[in-house]
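Data first, discussion second: the structure below is written as structure tokens.
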Amino acid sequence: MEFYFKLIICITIPEEPFYLGREIAKVMGHQEMLWLERPSRRFTEKPDDLITALHLKPTDLVADIGAGTGYLSFPMANLVEQVFAVDVQPEMLGAIDFLAEENQVKNITTILATETDPKLPINAIDLALMVDAYHEFSSPREMMENLVKSLKPDGRVVLVEYRRENPLIPIKALHKMTRRQVEKEMAAIGLLPEEIIETLPQQHLMIFQKTNSN
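Next comes the structure, spelled out in structure tokens:
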């Protein structure tokens, strides 16, 4: 008597991660770091206008979260006491360290973060800036909860994200966010909007403040 066995192989395709109804985008790899330094960025993002809108003070300690190549870390370093350039990719931080040494910039400290913790000093940061970075956090709630711990009592969190409300902005939808979605996710960790600035060509500039519950 012959027996036949049927082998059934089930393949499970992992679902993309979601947070509060939003699909989380994948992190842009360090192999694409030249994209962060593209000349057109001066026109499409107006980084000088962005930094001006932050009203930075010479005594400020600023965290550039998802700093990449330091595109914004370096100009901010000219205005503040200290910049903490934070990233999860050591290759990005290596580029910042190289440029800081080459240009003799002494007040930028690079920090290798994890996906859940920016590894910043507690109660020390005046302003934490995330430019086109927050939407790629794989663990946004945990990361932001730890980030809030690093803020001074009057510390601010600034998110800059391409406007998902505008379908004509030539950025993939996963790499854009609506203002409503950002406000919902910040409210979930007790951050309330202080100011919303819509003068950048393609991005929301949203400033949030700690509350008494943080």
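Going by the numbering used here, the final residue of the sequence shown carries number 214, and the count climbs one at a time with no gaps.
Note that CB positions come from ideal geometry on N, CA and C, so glycine has one too.
Residue i to residue j span [Cα, whole Å]
| i | j | result |
| --- | --- | --- |
| residue 76 | residue 168 | 30 Å |
| residue 205 | residue 161 | 7 Å |
| residue 178 | residue 22 | 10 Å |
| residue 144 | residue 202 | 24 Å |
| residue 52 | residue 88 | 27 Å |
| residue 8 | residue 17 | Legend: pLDDT at residue 8 = 43, less than 50; position of this residue unreliable, no value from coordinates given. |
| residue 105 | residue 131 | 21 Å |
| residue 91 | residue 210 | 32 Å |
| residue 137 | residue 114 | 10 Å |
| residue 41 | residue 171 | 13 Å |
| residue 56 | residue 146 | 23 Å |
| residue 150 | residue 166 | 33 Å |
| residue 34 | residue 69 | 8 Å |
| residue 86 | residue 192 | 23 Å |
| residue 67 | residue 124 | 18 Å |
| residue 10 | residue 24 | Since pLDDT at residue 10 reaches only 44, below the 50 mark, its modelled position is unreliable, and the value read off the structure follows with that caveat. Near 26 Å, if we compare the C-alpha coordinates of residue 24 and residue 10. |
| residue 139 | residue 116 | 6 Å |
| residue 79 | residue 155 | 17 Å |
| residue 134 | residue 159 | 7 Å |
| residue 83 | residue 60 | 9 Å |
DSSP beta-bridge partners of residue i
| i | result |
| --- | --- |
| residue 82 | 61 |
| residue 87 | 112 |
| residue 142 | BP columns for residue 142 are empty, so no partner. |
Beta strand (DSSP E) segment containing residue i, residue limits
| i | result |
| --- | --- |
| residue 128 | 125 to 131 |
| residue 32 | Taken as a continuous stretch (DSSP letters only), residue 32 belongs to no beta strand (DSSP E), as it is neither H nor E. |
| residue 196 | 191 to 197 |
| residue 117 | Per DSSP, residue 117 belongs to no beta strand (DSSP E) and is neither H nor E. |
Any chain C beta carbon closer than 7 Å to residue i
| i | result |
| --- | --- |
| residue 74 | No chain C appears in this structure, which consists of one protein chain only. |
Residue range of the unbroken alpha helix (DSSP H) whose run includes residue i
| i | result |
| --- | --- |
| residue 43 | 41 to 44 |
| residue 72 | Here residue 72 belongs to no alpha helix (DSSP H), and DSSP marks it neither H nor E. |
| residue 51 | 47 to 53 |
| residue 186 | 179 to 187 |
Cβ separation of residue i and residue j, assumed to be a contact under 8 Å, to the nearest whole Å
| i | j | result |
| --- | --- | --- |
| residue 118 | residue 65 | 6 Å |
| residue 20 | residue 184 | 6 Å |
| residue 129 | residue 27 | No, residue 129 and residue 27 are not in contact; Cβ-Cβ is about 18 Å, not under 8 Å. |
For this session: Decide if the segment 88 to 101 is in contact with the segment 176 to 189; the criterion is three or more beta carbon pairs, one per stretch, under 8 Å apart.
Result: no
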